[in-house]
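Student:
Structural data, given as structure tokens:
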């Protein structure tokens, strides 16, 4: 072999080594950047979770401003990191962020909704064009009858300031939703624990309210009808948070019971594990007891449905780890657990009070919802603009005995209110979200049938999906979507449920190897 050929081989080998070293260095930098972003995202999400419920569930101006700032910071972190990761990965190895092309379009439609809804509803139109839109002629005639000069241009939204406020209030929800889709599974588990801690804080406040009565300082000057409310404005909002937290509590119990890092052969570790499980069980008992104490009709219905589904998933997730006798024992224990919670909350007193209010409350809420749908038909297909319900609905408000309250702020049916405010766009957003949930549900069922078990991380998504279901059911008779703390929690649960199983998008080099792994 000639010296020139040997030199060429050595040079080629050295170049290949340099190329491999460069690739490894790039991958390491990418992973390091992902870890830093993970910590920042975790920190910001924790602050949002902890702060959101403190001041009337976040439904006050100071809370909205702080949550907006935190949401923008979280979005900036996620967008910056995602852009860096996308550019650092070769185009041939890039994955669709949300699955197929149509799913990516659907997610983009949801995530970017504050932007395109703002452009559509806040862009000024000539007064002639504005007056020709459905429902606007009434206001043009009113201005003429009152000899008020019509402006040359008006936005489609009937209350532009309220639309601005509503769109900005949605940014933290979008940020949390994106974080739940992007951050790693281990960080998601930690954040679920943080959510449970937030719920425990509300339970402690509710216990103090229950113990010291309606006149105690623990109600923070809230005007309520005698039920516990936590730091929210009324019992229904607290009940919604508790109903969403029950599946989370059961998941944490399930996750802790399967922990492998604990050496269960050592007596001290077995004792430690039992203490943790007993503590989580006690928290579940406290959450359920306070849910009963809220006397919230919708909260109790959604909470017990989610509890039943969660217990079923728990038994199913145990699979071969539990014998038939153990499953029967778990089911029996669950019944005893629920019965004890009912008795501890004075359910014999709760049931008659619920019965007295059930028909009257349902009648009032159904009347309001029907009137809201009438208003939605009047303004179809463009709606009145996000956040405009309070100002527009008095025109359609039926005769109701509301005591000292002369008007209605919310429809007490979030779906009807969305149709009134957003019209066709509201129906489109709800349809897109429902399709994504249904497709994900079928994918999860397919995976479970194929594997004949529920993988651990998939169980986490199932429990979060049940928590989201509790929220969506309660929204049929309440305005929980308009309470930032509840909307943020639901957004996080939705993001976890809709995650692609087996992928952590802040670690693109790991994604390629786990794309089809669950």
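In our numbering, the protein residues as written are 71 to 588.
Think of the CB as a built atom: it goes at the ideal place given N, C-alpha and C, for glycine as much as any other residue.
All values reported here derive from a predicted model rather than from experimental measurement.
1. Within a Cβ cutoff of 8 Å, which residues of the same chain sit near residue 589, ignoring the five residues on either side of it in sequence?
2. Exposed or buried, residue 554, counting other C-beta atoms within 10 Å across all chains shown (16 or more means buried)?
3. Can you check the segment 516-564 for any alpha helix (DSSP H) of at least 4 residues that lies completely inside it and give the ranges in chain order?
4. Would you call the segment 299-313 and the segment 368-378 touching, i.e. three or more CB-CB distances under 8 Å?
5. Assuming contact is defined by CB atoms lying nearer than 8 Å, are residue 44 and residue 262 in contact in what I supplied?
6. Provide the residue(s) that pair with residue 498 in DSSP beta bridges, ordered along the chain.
7. I want to know whether the segment 289-307 touches the segment 252-261 - three or more CB-CB distances under 8 Å.
8. For a test of the three-state rule: what should DSSP assign to residue 194, helix, strand or coil?
9. Can you give me the Cβ contacts of residue 268 inside the same chain, cut-off strictly under 7 Å, excluding the 5 residues immediately before and after it?
10. Are the CB atoms of residue 560 and residue 541 nearer to each other than 8 Å?
11. Which residues does DSSP pair with residue 223 in a beta bridge?
12. Considering only C-alpha positions, which residue in the set 235, 241 and 200 is nearest to residue 140?
13. Do residue 359 and residue 309 come within 8 Å of each other at the CB atom, strictly closer than that value?
14. What are the start and end residues of the alpha helix (DSSP H) that includes residue 450?
15. Would you tell me roughly how many angstroms separate the C-alpha atoms of residue 283 and residue 127, rounded to the nearest one?
16. If the criterion is Cβ atoms closer than 8 Å, does the pair residue 453 and residue 500 meet it?
17. With 16 other CB atoms within 10 Å as the buried threshold, where does residue 113 fall?
18. Give the single residue among 448, 301 and 248 whose Cα lies nearest to the Cα of residue 270.
19. With respect to the alpha helix (DSSP H) encompassing residue 270, which residues constitute its N-terminal and C-terminal limits?
20. With distances taken from CA atoms, which of 325, 143, 298 and 193 is nearest residue 589?
21. Under 8 Å, with one C-beta from each stretch per pair, do the segment 506-513 and the segment 229-245 reach the 3-pair mark?
22. How would you call residue 520, buried or exposed, if buried means at least 16 neighbouring beta carbons within 10 angstroms?
23. Give the straight-line distance between the Cα atoms of residue 444 and residue 381, rounded to the nearest whole angstrom.
24. Whose CA, out of 208, 200, 148 and 212, lies closest to the CA of residue 181?
25. Which residue wins for smallest C-alpha separation from residue 451, given the options 364, 493 and 210?
26. DSSP state of residue 203, grouped into three classes?
27. Taking 8 Å as the cut-off, decide whether the C-beta atoms of residue 547 and residue 379 are in contact.
28. Output the distance between the C-alpha atoms of residue 247 and residue 115, rounded to the nearest integer angstrom.
29. Please give the ranges of any beta strand (DSSP E) in the segment 336-394, keeping only runs that are unbroken, at least 3 residues long and fully inside the region.
30. Note down the Cα distance separating residue 389 from residue 463, rounded to an integer number of angstroms.
31. Going by C-alpha distance, which of 298, 346, 376 and 348 is nearest residue 362?
32. In three-state DSSP terms, what is residue 568?
33. If I follow the unbroken alpha helix (DSSP H) through residue 18, where does it start and stop?
34. Once DSSP output is grouped into helix, strand and coil, what is the label at residue 217?
35. Near residue 568, which residues of its chain fall below 7 Å by C-beta distance, leaving aside the five closest residues on each side in sequence?
36. With a threshold of 8 Å between beta carbons, is residue 112 in contact with chain B?
Tutor: Let me spell this out:
1. The chain is shown only over 71 to 588; residue 589 falls outside these bounds and no answer can be derived.
2. Here residue 554 refers to the residue found at position 484 when the chain shown is read from its first residue. Its Cβ being crowded by 16 or more others within 10 Å, residue 554 is buried.
3. 526-544
4. With the rule of 3 Cβ pairs closer than 8 Å, the segment 299-313 counts as touching the segment 368-378.
5. The chain is shown only over 71 to 588; residue 44 falls outside these bounds and no answer can be derived.
6. The sequence position of residue 498 within the chain shown is 428, counting from 1. Answer is none; residue 498 lacks a bridge partner.
7. no
8. Locating residue 194 in the chain shown gives position 124, counting from the first residue. In this structure, residue 194 counts as strand in the three-state DSSP scheme.
9. Residue mapping note: residue 268 aligns to position 198 of the chain shown, counting from 1. Counting only Cβ-Cβ distances below 7 Å, and skipping sequence neighbours, we find 119, 120 and 123.
10. Here residue 560 refers to the residue found at position 490 when the chain shown is read from its first residue. Here residue 541 refers to the residue found at position 471 when the chain shown is read from its first residue. For residue 560 and residue 541, yes; Cβs fall inside 8 Å.
11. Position 153 of the chain shown, counting from 1, holds the residue named residue 223. DSSP lists 196 as partners of residue 223.
12. As a working note, residue 140 is residue 70 in the chain shown. Ranking 235, 241 and 200 by Cα distance to residue 140 puts 241 first.
13. Locating residue 309 in the chain shown gives position 239, where the first residue counts as 1. Locating residue 359 in the chain shown gives position 289, where the first residue counts as 1. In this structure, residue 359 does not lie closer than 8 Å to residue 309 by Cβ.
14. Start at 1 with the first residue of the chain shown, and residue 450 comes out as number 380. Segment: none, residue 450 is in no alpha helix (DSSP H) and carries neither H nor E.
15. Within the chain shown, residue 283 is the residue found at index 213, counting from 1. Within the chain shown, residue 127 is the residue found at index 57, counting from 1. Their backbone Cα atoms lie some 21 Å apart in a straight line.
16. By 1-based counting over the chain shown, the position of residue 453 is 383. By 1-based counting over the chain shown, the position of residue 500 is 430. Not closer than 8 Å, so no.
17. Taking the chain shown and counting its residues from 1, one reaches residue 113 at position 43. Residue 113 should be labelled exposed.
18. Taking the chain shown and counting its residues from 1, one reaches residue 270 at position 200. Minimum Cα distance to residue 270 is reached at 301.
19. Here residue 270 is taken as the residue at index 200 of the chain shown, counted from 1. Taken as a continuous stretch (DSSP letters only), the alpha helix (DSSP H) holding residue 270 covers 255-282.
20. Only positions 71 to 588 of the chain appear in this structure, which leaves residue 589 out of reach.
21. no
22. Residue numbering aside, residue 520 sits at position 450 when the chain shown is read from its first letter. It is exposed - the Cβ of residue 520 has fewer than 16 other Cβ atoms within 10 Å.
23. For this step, residue 444 is matched to residue 374 along the chain shown. For this step, residue 381 is matched to residue 311 along the chain shown. Distance between the alpha carbons of residue 444 and residue 381 is about 40 Å.
24. Within the chain shown, residue 181 is the residue found at index 111, counting from 1. It is 148 whose Cα lies nearest to the Cα of residue 181.
25. Walking along the chain shown from the start, residue 451 turns up at place 381. That would be 493, whose Cα lies nearest to the Cα of residue 451.
26. As a working note, residue 203 is residue 133 in the chain shown. Judged by DSSP in its simplified three-state form, residue 203 adopts coil rather than helix or strand.
27. For the purposes of this step, residue 547 is taken as the residue at position 477 of the chain shown. For the purposes of this step, residue 379 is taken as the residue at position 309 of the chain shown. In this structure, residue 379 does not lie closer than 8 Å to residue 547 by Cβ.
28. To locate residue 247, count along the chain shown from 1; it is residue 177. To locate residue 115, count along the chain shown from 1; it is residue 45. The straight-line gap from Cα to Cα measures roughly 10 Å.
29. none
30. The sequence position of residue 389 within the chain shown is 319, counting from 1. The sequence position of residue 463 within the chain shown is 393, counting from 1. Each residue's Cα considered, the two are about 52 Å apart.
31. The residue you call residue 362 lines up with position 292 of the chain shown. Cα-wise, what sits closest to residue 362 is 298.
32. For the purposes of this step, residue 568 is identified with residue 498 of the chain shown, where counting begins at 1. Coil.
33. With the chain covering 71 to 588 only, the question about residue 18 has no answer from this structure.
34. The residue you call residue 217 lines up with position 147 of the chain shown. Coil.
35. Counting from 1 along the chain shown, the entry for residue 568 is found at position 498. Short of 7 Å from the beta carbon of residue 568, and not among the five residues preceding or following it, lie these beta carbons of its own chain, in chain order: 251, 506 and 510.
36. Among the chains in the structure shown there is no chain B, since it carries only a single protein chain.
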